[in-house]
Amino acid sequence: MNKKQKKMLIRILLAAFLMIVIHFIPVKGLIRFALYLIPYLIIGYDILLKAGKGIKNHQVFDESFLMAVATIGAMALAVYKDGDYTEAIAVMLFYQIGEWFQSYAVGKSRRNISELMDIRPDYANVEQNGTLMQVDPDEVEIGAVIVVQPGEKIPIDGVVLEGSSSLNTSALTGESVPCNTKAGEEVISGCINLTGVLKIRTTKEFGESTVSKILDLVENASSRKSKSEDFISKFARIYTPLVCYSALALAFLPPPVRMGILGLPADFGDWIYRALTFLVISCPCALVVSIPLSFFAGIGGAGNAGVLIKGSNYLETMSQTRTVVFDKTGTLTQGIFEVNAVHHNKMEQSKLLEYAALAESASSHPISKSLQKAYGKPVDRTRVTEIQEISGNGVMARVDGHMVAAGNARLMKHLQVEYRDCYHAGTIVHMVIDGVYAGHIVISDRIKPNAKEAMLALRSAGVRKIVMLTGDSKAVAGQVAAELGIDEVYSELLPEGKVQKVEELLEKMNGKEKLAFVGDGINDAPVLSRADIGVAMGAMGSDAAIEAADVVLMDDDPLKIAKAIRISRKCLRIVHQNIWFAIGIKAACLLLGALGIANMWLAVFADVGVMILAVLNAVRALFVKKL
Amino acid sequence: MKKTYKIEVDCANCANKMEDAARKTAGVKSATVNFMTLKMNVEFEDGQDPKAVMQAVRANCKKVEDDCEVFI
C-alpha cells in the first residue's frame, strides 16, 4: 500500500465508524443533518472538489461529477423528507472502497507482472587491480571482461573466456532444464549462472543486449492497443454523457406527463431518486480498467512462459488464428544439416566434398556449413575466386582454376547439364566441375522431437489448417509433411515465393479467421511481416527475429506456438466475459432503476461490485502455467 | 522524434482522457498512454521542441484530470 492508499483506508474506516455511531444518537431535524454531514464530507470531500474543478475545466461528465450529483441529490432528498441520510453516505463510501480496491489491485498486479519479468540485472562485476568492482551495466564497454559469480544474472551478452557452468534460462525461455556452457561459447544476458564462476568478454553494450531488448519489448507491449480496448474507450466516451442525459430526462419528463396527461400526483421525489440511481450505475470503471488489465496480465503471463507478445492487438489476433503456416527448416526441423551420402561421384568422395565446401565457403546457409563440417579441414579462401551466388539455387565459383557449380536441380537445368536424381529424401547438392556432372551430395535434416506433438496440440487448440512452406525439394518436404500430418505443403519456393504463397492463403481466409506464420527469423522477415501474425522462434540472441516478428518464442520448441494460442484464447475469453458481464449487469440495473425497482444499494453493487469482480477476473489471465 | 515519459494517474479512464488530451496538444504527432506501465509515449512533429510541447501536454492533462502527473 502506498501513502495515498493508506490515507484513503483511514478515511473509509473513519466514515463507516461515524455512520454507525450517529445512527444511535437520538436527534432530529437539522442537527441530524449536520451530524451526518461530517462522515459525508470525510469520505467525499475530494470527489466534490474534483467535480467542481471538472466543471471549471469544461470536463463535466466524469465520475466525480456523477457521484457528487447523485450523493448531493440523495442528501437533499433526505433533508426534504427528514429521512435516510445513510444512503448518500454509503454510496460515496462504496464508491471510494471500489476506487481503493481498484488502485490496490492494479498496483499489485503491476508489481506481480514486473516481478515475473524481473530479468533486469542490477550490476556487472568488473575486475580492477585484482579486486571485483560492481558497476552499472550501462557503463561497461564492448570488449570489457566481466565476472559472473554463481547465483548472479549475466548482465550483458558475451563470449565465455574462462570457466564452465550451467545456466538457468527459465526467466527467458520458461524452460526449467539448465543448459551448460564452457569457454568459447556465447552466452546471453538474463540467464542465471548456477554453478561455476564465468569470465565473459562482452560483445554488446547493455542497451543492445538481449535482456534490454526483451524488457523494452515487454514494457511497450500494451501501448499497441487491441480492438477490444479501442471499443471500450469509444464506448466510455459515448456511454457516460448518454446516461447523464437519460437521468436528466428521467427526473424531469415523467412528472409533468403524469400530472398533465394522466392526472396523477407528480411524485418528483420518486423520479429524482430513480435518476440518481441511474447516475450511480453509470460509471464505466469496471470496463475501462478491467480490459487493459486483462491484456496486461495475459502478456505478462505469456512472457513468463517464454512467449513474448509485442502488443495487445497481436494477442487478440493470435486468439483468432485458424491457419498456421510453418517454415520447415529450423522451425519444424532442427536446421542442423549433416552430409549423409555422396552418390554417382567419379572422383574421390573427400575431393568432391572439398570442392563443394570451398565453393560454398562464402555462404552462411546451414547447407554450406554442413558441407564445411563434412570437409573437416579449415577452408582456405584464397583458393576460391569469382564467387557468384544464385539465390535459392546454389553457387558458382572458381576453385583452384576449375569452374565449380554446386546447387539444386534448378541450377542444373539452368546450366543445361544432365544430372541424376536421388531417391533419398534430403537436400541434394549437385556438383558440376568444368561443365561435367560430378555426382551429388545428400544432406538431410532431423525433425524436432516435439514437432509431431506440437501439430496435435495446435489442432486441439482450434487450428484448422497447418501448412508448410519450404525451399527444399518436393521429396524432402513430402516426407516431413507425411510424418507430421501437415495438411498442405508447398516446396521448392524461393523467398519471394513464400510471400506469394502466404498472400494466396490470406486471400482464401474467410471473415475473422487469421493466419499465423512461424519461422526462425532467418531470411523470412518479409513473410513474417506479411502474415496476420508473424511468429519467430529460437530468438535467443537473434535481433533480426525480435525486430521482424509480432510474437517471439524465446526457445525453438514448436509446442510453444500451441501454448501461445491457448494463452491468447484464455485472455480474450476473459476480456469478452468482462465486457458482457459488465455491460449486461449495468444495462439490467439501469432498466430496474428506471422502473423504480432498483435502489441505491443495488446501484452501488452495479458500479463497485461489478468492477471488483471484473478486476479479479482480469487477474486470472496471468495464470498460464497449466495451459 | 519519440520519447517516453513516466506518469502518475489513478484510474484507467483518466489515463484514456490524458491520452486524448495529449493527442490534441499542438506539436504532438501521436501519443499513447499505457496505464499498466504508467508510461506515456509521445511522438513529436518535426522541428518541435519536446520540452515546450510537453509542458503544454502536462497542462492539458491537468485540465482533464486534476489528479495526474507527467514527469518531464
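In the order they appear, the protein sequences are chains A and B.
Residue numbers for the first sequence follow our numbering, beginning at 12 and rising by one.
Residue numbers for the second sequence follow our numbering, beginning at 14 and rising by one.
Even glycine gets a Cβ: it sits at the ideal position worked out from N, Cα and C.
The structure presented is a predicted model; accordingly, all values stated were derived computationally and were not measured.
For residue i, list the residues DSSP reports as bridge partners.
i: T344 (chain A); result: A:I458
i: L209 (chain A); result: A:V159
i: R71 (chain B); result: According to DSSP, R71 (chain B) bridges with nothing at all.
i: T180 (chain A); result: In the DSSP output, where bridge partners are listed per residue, T180 (chain A) has none listed.
i: L319 (chain A); result: A:V563
i: E197 (chain A); result: A:V170
i: H354 (chain A); result: A:H451
i: E56 (chain B); result: B:K15, B:S43
i: C190 (chain A); result: A:L178
i: I203 (chain A); result: A:K164, A:N179
i: E349 (chain A); result: A:S455
Between which two residues does the beta strand (DSSP E) holding residue i run?
i: S372 (chain A); result: Premise fails: S372 (chain A) is in no beta strand (DSSP E) and is neither H nor E.
i: T251 (chain A); result: Unbroken run through T251 (chain A) is the alpha helix (DSSP H), 238-263; no beta strand (DSSP E).
i: F337 (chain A); result: 332-338
i: Q139 (chain A); result: 135-139
i: F84 (chain B); result: 82-84
i: V146 (chain A); result: 142-146
i: I21 (chain A); result: It is not in any beta strand (DSSP E) - I21 (chain A) instead sits in the alpha helix (DSSP H) that spans 14-34.
Which residues mark the beginning and the end of the alpha helix (DSSP H) in which residue i is found?
i: C24 (chain B); result: That residue, C24 (chain B), is in no alpha helix (DSSP H); it is neither H nor E in DSSP.
i: F44 (chain A); result: 40-67
i: F592 (chain A); result: 570-606
i: L480 (chain A); result: No alpha helix (DSSP H) holds L480 (chain A); the beta strand (DSSP E) holding it covers 476-480.
i: N628 (chain A); result: 621-630
i: I292 (chain A); result: 279-292
i: M442 (chain A); result: Per DSSP, M442 (chain A) belongs to no alpha helix (DSSP H); it is in the beta strand (DSSP E), 438-444.
i: T214 (chain A); result: Neither: T214 (chain A) is in no alpha helix (DSSP H) and is coded neither H nor E.
i: S75 (chain A); result: 74-92
i: V615 (chain A); result: 611-615
Throw me the rounded Cβ distance for the residue i and residue j pair, which I believe falls under 8 angstroms.
i: L480 (chain A); j: L504 (chain A); result: 6 angstroms
i: D543 (chain A); j: K523 (chain A); result: In fact, because the Cβ distance is near 10 angstroms, the residues do not count as touching under 8 angstroms.
i: G387 (chain A); j: P506 (chain A); result: With 8 angstroms as the limit, G387 (chain A) and P506 (chain A) do not qualify as a contact, their Cβ atoms being about 31 angstroms apart.
i: I167 (chain A); j: F217 (chain A); result: 5 angstroms
i: I157 (chain A); j: T213 (chain A); result: 6 angstroms
i: G4 (chain A); j: T184 (chain A); result: This structure cannot speak to residue 4 (chain A), because chain A is shown only from 12 to 638.
i: A629 (chain A); j: A308 (chain A); result: 6 angstroms
i: I130 (chain A); j: I199 (chain A); result: Not quite, the Cβ-Cβ distance comes to about 11 angstroms (not below 8 angstroms), so this is no contact.
i: V41 (chain B); j: Y18 (chain B); result: That pair is no contact at about 12 angstroms.
i: V440 (chain A); j: A417 (chain A); result: 5 angstroms
i: C296 (chain A); j: N26 (chain B); result: 6 angstroms
i: L564 (chain A); j: V546 (chain A); result: 6 angstroms
i: V31 (chain B); j: E78 (chain B); result: The sequence given here has Met at residue 31 (chain B), not Val. Correct: roughly 6 angstroms between the Cβ atoms.
i: N136 (chain A); j: Q160 (chain A); result: 7 angstroms
i: R631 (chain A); j: I585 (chain A); result: 6 angstroms
In chain order, which alpha helix (DSSP H) runs of at least 4 residues are fully inside the segment 489-560 of chain A?
506-519, 536-541, 554-559
Do three or more CB pairs link the segment 190-209 of chain A to the segment 168-181 of chain A at distances below 8 angstroms? yes
Item to complete: At 3 residues or longer, and completely inside the segment 363-435 of chain A: list those beta strand (DSSP E) runs for me, N to C.
Response: Correct list: 395-401, 405-410, 413-418.
Any chance the segment 354-373 of chain A sits against the segment 387-394 of chain A, with 3 or more Cβ pairs inside 8 angstroms?
yes
Using 8 angstroms as the Cβ pair cut-off and three pairs as the minimum, do the segment 474-482 of chain A and the segment 446-455 of chain A touch? The way I'd put it, the segment 474-482 of chain A doesn't touch the segment 446-455 of chain A; fewer than three beta-carbon pairs between them come closer than 8 angstroms.
query = Is it true that the segment 455-468 of chain A meets the segment 330-349 of chain A, where meeting means three or more beta-carbon pairs spaced less than 8 angstroms apart?
reply = Enough Cβ pairs lie closer than 8 angstroms, so yes.
Exercise for review: Decide yes or no for the touch test of the segment 277-293 of chain A against the segment 328-340 of chain A: beta carbon pairs closer than 8 angstroms, at least 3 of them.
Suggested key: no
With a cut-off of 8 angstroms, do at least 3 Cβ pairs link the segment 507-524 of chain A to the segment 484-495 of chain A? With contact defined as three or more Cβ pairs closer than 8 angstroms, the segment 507-524 of chain A and the segment 484-495 of chain A are not in contact.
With three or more C-beta pairs closer than 8 angstroms as the rule, is the segment 319-327 of chain A touching the segment 114-121 of chain A?
no
Could you say if the segment 440-449 of chain A and the segment 354-368 of chain A meet the contact criterion of at least three C-beta pairs nearer than 8 angstroms? yes
For the pair the segment 45-57 of chain B and the segment 30-41 of chain A, tell me if three or more CB-CB distances fall below 8 angstroms.
no
Check whether the segment 585-595 of chain A touches the segment 255-270 of chain A, taking contact to mean three or more Cβ pairs, one atom from each stretch, closer than 8 angstroms.
The segment 585-595 of chain A and the segment 255-270 of chain A do not touch, with fewer than 3 CB-CB distances between them shorter than 8 angstroms.
Below 8 angstroms, how does it come out for the segment 98-111 of chain A and the segment 618-626 of chain A: are there three or more Cβ pairs, yes or no? Judged by Cβ distances under 8 angstroms, the segment 98-111 of chain A makes contact with the segment 618-626 of chain A, as three or more pairs qualify.
Note to self: Would the segment 575-585 of chain A count as touching the segment 241-261 of chain A if we require 3 or more Cβ pairs under 8 angstroms?
What the structure shows: no
Could you tell me whether the segment 277-285 of chain A touches the segment 595-603 of chain A, where touching means 3 or more Cβ pairs closer than 8 angstroms?
-> no
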